[in-house]
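Peer 1: A single structure is presented below for examination.
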Amino acid sequence: MLHITPWLSHSARRGRVAPRAALFGVVLLTLAAVLRLRGYDFALPYLDHPDEPNFALTALWWRGELRVFQNAGYPPLYIWLEIAVQTLMDALGNPAIPDYVRVLRLLSVAASLATTAIIARTAWRVGGWMAAFLAGAVWAAAPEIVEGSLYATPDPFVYLLVSASTLLAVEAIAQPGRSLWALWSVMVALAATLVKYPAVPAIVPGGIAALVVLGRDRRLGWCLLLLQVACVAVVGAWLVSVYGIVNYNEGATFQSQGLERVTSPDLARQNLALVFYPLARATWAFAGWGIAVAGTILALAIRRRTPDRAPHPATLSALWAVTVLIPWIAASFRAGNIQAIRDILPGTTAAVVLWSASLAFIGRAAAALLRRIGLPRRAARFVATGALIVVFLIVYLIPQLVIAWQESTLRTYADTRADLAAWAETALDPGTMVVTDENHKTFNRYWGGYLGTKWFDSWVTDDVTEHTPGEWRRRGMSYLVMPYAQAIDLQRTDVGRAYLAHLFPLRIVAPQKQQRGPAVIVFRLWGPDHQANAEFGSQIRLVGWDQQPAAPQPGDTLSLRFYWQPVAPPRDNYSVFLHLTPLTDPAHVLAQADFTPVSEARLPLTWRYPNETLVGQTQRLTIPAGLPPGSYVARLGLYNYVTGERLRVDAGGSSPDHIILFTLDLRDG
């Protein structure tokens, strides 16, 4: 008979393992915290995840702060959390939506760290310290889990509550003195359901634990079962009859398509394949299931021979219930054929315990085999433990840590969409933007998160070239935000170049070093009235201007707007002079205007974007009435406001210090 000596006795050796467990716990939680807190506020004030503004706006709507209709029928518990955070922050200051999101992301990180600790504790109860180490390391470092733990969304709290419910059930099964925890398990599972409906199968482990208690104490067991049924009935009745979940969103999908979707083999197979993905990646997902099944069979064999050295079969049943039922039932709440992995991860909270405990049991079996071939007990245990840890580190943990660290590095980078929104605020007049889906929120002040004083509407399309620039203008559009790759493709064809020729480029927005997000080119749908190409001091180029009226007369007030580009980073905040003088006497100024080239928000020292075209504010120049006959010119130049020194117009090194915009010829009679 194969005798397997456990690495950890759940009773006599617990005190000896406590310091080691504490050390592992500190290391794992520190690792998890670093990966999550490093760049947790990525992209802000732009809201990267589509659901973050959704929930924030829903909470504002529930509070009566907005009239926008959002998320009716969505599970209420997370919205209540949003309301609590918003109410507290409002009492302390005047926050914007990105400020709410930042705090809620921190709460999501805290929930994920607590989940890491709970999963490690559950694995310790099932498979000993080695299982706890493996499970905690997986949840701490798996990139998909880290990514899913950062957003201001309900998901991190579902993972926390489902894992806590499972742990409570496992403890109730293992410890007769904690039988009442079976009831708490169901109550926590119901709380998870109030955060996200697909978590409802999390009530099963508590029910299994109550059945185990029933076998130990019939009176207590029946009491627990009746209380559990009552709790489920009360919450279910409230959700259906009072809250109305069957009328909206996930509840409506479940009511209309739930049975069809839950009995679909393809959907079930797809969702179950994702359960072990964070543990074993796509190519090894089958291996993840294989390890869990093999470990379960091995644990049952150990339990049959030495009951005190393996988990109770009910414990394994509880873990398998969460692993299988949550991803399976999740299909019935979502329309479409693609299931988001965040809907599967609540099941992974139990799958990671099964997987890690199975590896620990396999390691114990390997140690027993080594003893049979003659190795001493300590040496066999050392070899089996060392081999398991080395394989885990090389095959899984180190590669996952590399990926997770790289992704956390990317999260520390600024987002181009936040840059684009902030730039539009200072550089553009309000107008409607034609954008593709990657910028569908950028100019939406509610959904995009960026607050400004200017309002930009968006028209989202799959292809910004589906209409000509003229047609876009007739539809009321002002700007076109084109993916950079599409602009490059257009430049390769005659038709594409002809299309681009009708657009006026303003700025290329592309990820620079330590920046993330899409690369685009921003165009205005029309160019300046007059073209120019005058460089001042090899620093600033005038590329054109608008002028109304086009043919001014004495007494007219001209409206002028100028378009500039940085040739090189300007060395000072230069000012513009605009003088109306006789043609032959530049010193005789008849009318003048002095102004900053663009605006106080975009002084020349801020012109740091290469090839950006800056659109100035409208300037006015009044031509004196009663001018005598003669020729008059408008002279424009740049100068240092403090010293009065003018920039020379570049033309072979001896150019004048201004250009002539237009000539006004007045004749007798």
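Using our numbering, you'd call the opening residue of the sequence shown number 1 and step up by one each time.
Cβ atoms here follow ideal geometry from the backbone N, Cα and C, with glycine treated the same way.
1. To which residues of the same chain is residue 581 closer than 8 Å at the C-beta, ignoring the five residues directly before and after it?
2. Confirm, please, whether the CB-CB distance from residue 203 to residue 676 is below 8 Å.
3. Quick check on residue 605: does DSSP put it in helix, strand or coil?
4. To the nearest angstrom, report how far apart residue 608 and residue 518 are at their CA atoms.
5. Between the stretch 361-372 and the stretch 167-182, do three or more beta carbon pairs fall short of 8 Å?
6. Just the C-alpha distance for residue 455 and residue 542, rounded to the nearest angstrom, thanks.
7. Go to residue 553, then tell me how far its alpha helix (DSSP H) extends in each direction, as first and last residue.
8. Counting along the chain, where does the alpha helix (DSSP H) carrying residue 499 start and finish?
9. Taking the beta carbon of residue 104 as the centre, do at least 16 other beta carbons fall within 10 Å, making it buried, or is it exposed?
10. Does the pairing of the stretch 79-86 with the stretch 24-35 give three or more beta-carbon distances under 8 Å?
11. What are the start and end residues of the beta strand (DSSP E) that includes residue 505?
12. Please name the residue in 611, 230, 158 whose C-alpha comes closest to that of residue 566.
13. Going by other Cβ atoms of all chains shown within 10 Å of its Cβ, with 16 needed for buried, is residue 266 buried or exposed?
14. Please name the residue, chosen from 529, 175, 564, 350, that lies closest to residue 323 on a Cα-to-Cα basis.
15. Apart from the five residues on each side of it in sequence, which residues of its chain come closer than 8 Å, Cβ to Cβ, to residue 121?
16. If we count the other Cβ atoms within 10 Å of its Cβ and call it buried at 16 or more, is residue 513 buried or exposed?
17. DSSP on residue 657, reduced to helix/strand/coil?
18. Hey, is the stretch 432-442 in contact with the stretch 470-479, meaning 3+ C-beta pairs nearer than 8 Å?
19. Report the option in 601, 556, 388, 354 whose CA atom is closest to the CA atom of residue 119.
20. Among 491, 661, 272, which residue has its Cα nearest to the Cα of residue 550?
21. The beta strand (DSSP E) that contains residue 482, what's its start and end?
22. Looking only at its own chain, which residues have a Cβ that is under 6 Å from the Cβ of residue 604, when we skip the five neighbours before and after it?
23. Kindly indicate which three-state DSSP category residue 414 falls into: helix, strand or coil?
24. Does the separation of the CB atoms of residue 197 and residue 345 fall below 8 Å?
25. Which of the three DSSP states, helix, strand or coil, is assigned to residue 356?
26. Buried or exposed: which applies to residue 283, given that a residue is buried once 16 or more other Cβ atoms fall within 10 Å of its Cβ?
27. Would you grab the beta carbon distance between residue 214 and residue 221 for me? Rounded to a whole angstrom, and I think it's under 8 Å.
28. Less than 8 Å separating the beta-carbons of residue 28 and residue 137?
29. Under a CB-based cut-off of 8 Å, is residue 639 close to chain B?
30. Sorted by chain position, which residues of the same chain lie with C-beta nearer than 6 Å to residue 544's C-beta, five sequence neighbours on each side aside?
31. Can you list, in chain order, the residues of its chain whose CB lies under 7 Å from that of residue 640, leaving out five sequence neighbours each side?
32. Check this for me: beta carbons of residue 116 and residue 51, under 8 Å apart or not?
33. From the DSSP secondary-structure annotation, give me the bridge partner or partners of residue 545.
34. Please report the straight-line C-alpha distance between residue 452 and residue 646, rounded to a whole angstrom.
35. From this set, 539, 376, 141, 191, which residue's C-alpha is nearest residue 161's C-alpha?
36. What is the rounded straight-line gap between the Cα of residue 75 and the Cα of residue 274?
Peer 2: Reading it off the structure:
1. If you number the sequence shown from 1, residue 581 lands on position 581. These residues qualify, in order along the chain: 587, 588, 589, 590, 632, 633, 635.
2. Shown here, the chain extends from 1 to 669; a query on residue 676 therefore has no answer.
3. Start at 1 with the first residue of the sequence shown, and residue 605 comes out as number 605. In this structure, residue 605 counts as helix in the three-state DSSP scheme.
4. The sequence position of residue 608 within the sequence shown is 608, counting from 1. The sequence position of residue 518 within the sequence shown is 518, counting from 1. Taking the straight line joining both Cα atoms gives about 19 Å.
5. no
6. By one-based count along the sequence shown, residue 455 stands at place 455. By one-based count along the sequence shown, residue 542 stands at place 542. Taking the straight line from one Cα to the other gives about 28 Å.
7. Taking the first residue of the sequence shown as 1, we reach residue 553 at position 553. No alpha helix (DSSP H) contains residue 553, which DSSP labels as neither H nor E.
8. Looking up residue 499 in the sequence shown gives position 499. Here the alpha helix (DSSP H) through residue 499 covers 494-501.
9. Taking the sequence shown and counting its residues from 1, one reaches residue 104 at position 104. Flag for residue 104 reads buried.
10. no
11. Taking the sequence shown and counting its residues from 1, one reaches residue 505 at position 505. Residues 504-509.
12. The residue you call residue 566 lines up with position 566 of the sequence shown. Comparing Cα positions, the closest option is 611.
13. Within the sequence shown, residue 266 is the residue found at index 266, counting from 1. That one is exposed.
14. In the sequence shown, counting from the first residue as 1, residue 323 sits at position 323. That would be 350, whose Cα lies nearest to the Cα of residue 323.
15. For the purposes of this step, residue 121 is taken as the residue at position 121 of the sequence shown. Correct list, in chain order: 132, 167.
16. Here residue 513 is taken as the residue at index 513 of the sequence shown, counted from 1. With fewer than 16 Cβ atoms within 10 Å of its Cβ, residue 513 is classed as exposed.
17. Stepping through the sequence shown from its first residue, residue 657 is reached at position 657. Residue 657 falls in the coil class under three-state DSSP.
18. yes
19. One-based indexing of the sequence shown puts residue 119 at position 119. Minimum Cα distance to residue 119 is reached at 354.
20. For the purposes of this step, residue 550 is taken as residue 550 along the sequence shown, with counting starting at 1. Residue 550 has its Cα closest to that of 661, out of 491, 661, 272.
21. Stepping through the sequence shown from its first residue, residue 482 is reached at position 482. Residue 482 -> beta strand (DSSP E) spans 479-483.
22. The count along the sequence shown starts at 1 and reaches residue 604 at position 604. Once the five neighbours on either side are set aside, the close Cβ partners of residue 604 are 570, 573, 574.
23. As a working mapping, residue 414 is identified with position 414 in the sequence shown. In the three-state DSSP reduction, residue 414 falls in the strand class (E or B).
24. As a first step, residue 197 is located in the sequence shown; it is residue number 197 there, counting from the start. As a first step, residue 345 is located in the sequence shown; it is residue number 345 there, counting from the start. No, Cβ-Cβ distance for residue 197 and residue 345 is not below 8 Å.
25. The count along the sequence shown starts at 1 and reaches residue 356 at position 356. Residue 356: helix per DSSP, three-state reduction.
26. On the sequence shown, position 283 is the one that residue 283 refers to. Low confidence applies to residue 283: its pLDDT is 49, below 50, so where it sits in the model is not reliable enough to give any reading.
27. Sequence index remark: in the sequence shown, residue 214 carries index 214 (1-based). Sequence index remark: in the sequence shown, residue 221 carries index 221 (1-based). Contact between residue 214 and residue 221 holds: their C-beta atoms lie close to 3 Å from each other, under 8 Å.
28. Numbered from 1 along the sequence shown, position 28 holds the residue referred to as residue 28. Numbered from 1 along the sequence shown, position 137 holds the residue referred to as residue 137. In this structure, residue 28 lies near residue 137, with their beta-carbon atoms less than 8 Å apart.
29. Going by chain labels, chain B is absent from the structure shown, which holds only one protein chain.
30. Taking the first residue of the sequence shown as 1, we reach residue 544 at position 544. Here residue 544 has 528, 530, 531, 532, 563 as same chain residues with Cβ atoms under 6 Å from its own Cβ, once five neighbours each way along the sequence are excluded.
31. Position 640 of the sequence shown, counting from 1, holds the residue named residue 640. 572, 574.
32. On the sequence shown, position 116 is the one that residue 116 refers to. On the sequence shown, position 51 is the one that residue 51 refers to. No, the Cβ-Cβ distance between residue 116 and residue 51 is not below 8 Å.
33. The sequence position of residue 545 within the sequence shown is 545, counting from 1. Per DSSP, 530, 562.
34. The residue labelled residue 452 in the question sits at position 452 within the sequence shown. The residue labelled residue 646 in the question sits at position 646 within the sequence shown. Cα to Cα, the separation comes out at about 35 Å.
35. Position 161 of the sequence shown, counted from the first residue, corresponds to residue 161. Of the listed residues, the one whose Cα sits closest to residue 161 is 191.
36. If you number the sequence shown from 1, residue 75 lands on position 75. If you number the sequence shown from 1, residue 274 lands on position 274. About 24 Å.
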